[in-house]
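Before any comments, here is the structure.
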Amino acid sequence: KFIMRGMDSIEKREIQEANTNIIKAQNIVSEFMNTLDMQYELSASLNSIYDYMLRRLIDANVAKDKEILEEVLGFAKILRDTWEQAMKISRHQNRKPTVTKV
7 KFIMRGMDSI EKREIQEANT NIIKAQNIVS EFMNTLDMQY ELSASLNSIY
57 DYMLRRLIDA NVAKDKEILE EVLGFAKILR DTWEQAMKIS RHQNRKPTVT
107 KV
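What follows is the structure, encoded as structure tokens:
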């Protein structure tokens, strides 16, 4: 949401608003990084992705570059979709089987 707002603000040449929204996106990605439990192999991979996204958000903010934000938004959407799939799989696997009497 903040990435899209940042893109919109860049388009409208609202520099301060773009800065504010991109920083909010940076803060969210930073929080994701801070909450990773690094004892899992997956966490190291996610940390690398989040680190790349964070660096690209900084680049986008400095340059006020909408294309960089589009790149980061693409990663964010892929991650969101992946987490949604993981949650569905987890819910499905955690369902208790029902016994039907005949």
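Numbering (the working numbering), first residue to last: 7 to 108. Heads up, the beta-carbon is just placed ideally off N, CA and C, and yes, glycines get one too.
For residue i, three-class secondary structure by DSSP
i     : result
Thr88 : helix
Lys7  : coil
Gln99 : helix
Met44 : coil
Glu17 : helix
Beta-carbon proximity of residue i to residue j, cut-off 8 angstroms
i     : j     : result
Asn27 : Ser36 : no
Gln99 : Ile64 : no
Ile21 : Lys70 : yes
Met13 : Glu76 : yes
Ser49 : Asp43 : yes
Alpha carbon of residue i to alpha carbon of residue j, nearest angstrom
i     : j     : result
Asn40 : Lys94 : 25 angstroms
Asn25 : Gln45 : 34 angstroms
Glu23 : Glu17 : 11 angstroms
Asn53 : Lys7  : 21 angstroms
Asn67 : Asp87 : 25 angstroms
Distance cut-off 7 angstroms: residue i Cβ against heavy atoms of the ligand HEM
i     : result
Ser54 : The ligand HEM is absent from the structure shown, which contains no ligands of any kind.
For the segment 80 to 94 against the segment 53 to 70, do three or more pairs of beta-carbon atoms, one drawn from each stretch, fall closer than 8 angstroms, so that the two count as touching? Taking 8 angstroms as the limit for Cβ pairs, the verdict is that the segment 53 to 70 does touch the segment 80 to 94.
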